[in-house]
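Take 1097 as the starting number for the sequence shown in my numbering and just add one per residue.
For glycine and all other residues, C-beta sits at the position ideal for the given N, C-alpha and C.
Only a predicted model underlies this, so the values are computations on that prediction, with no experimental measurement involved.
Structure first, then comments.
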Amino acid sequence: MQWAWRFPEWLRPAVGGLLLGGLLLLLPQMYGVGYPVLQNAVEGRYVLGLLVLLLVVGKIVATSLTIGIGGSGGVFAPPLFIGAMAGTAFGEIAHTPLPGIAGSPGV
């Protein structure tokens, strides 16, 4: 069964924008294309793997909301951000129980 928007069409961007704005207030690193955040991840400045996973999930939700309300979500930067942050999260989480299995980011 497909979910359908059952409210006036003009309300969709307003609701989506409010949800997106609230999400960006919680995770401001997701604003824009995210190249500075990617640079910080490569340099090893994010040491909490669960925080990085939260950024991954948040970026997926934010991109979906942006496209869902009719905005331009981008084709290159969001997947790059999601992949790089997921890799960083995996490396940080794998490094905790098995310190020798994951290399240091940025080396």
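Per DSSP, proline 1132 is one residue of the alpha helix (DSSP H) stretching across 1131-1138. Under the DSSP assignment, proline 1109 falls in the alpha helix (DSSP H) whose first and last residues are 1107-1122. With 16 or more other Cβ atoms from the protein chains shown falling within 10 Å of its own Cβ, valine 1152 counts as buried. Inter-segment contact for the region 1166-1180 and the region 1133-1149 is present: three or more beta-carbon pairs are separated by less than 8 Å. Rounded to whole angstroms, valine 1129 and glycine 1117 show a C-alpha spacing of 16 Å.
Ranking Arg1102, Pro1109, Glu1105 and Ala1100 by CA distance to the CA of glycine 1167 puts Pro1109 first.
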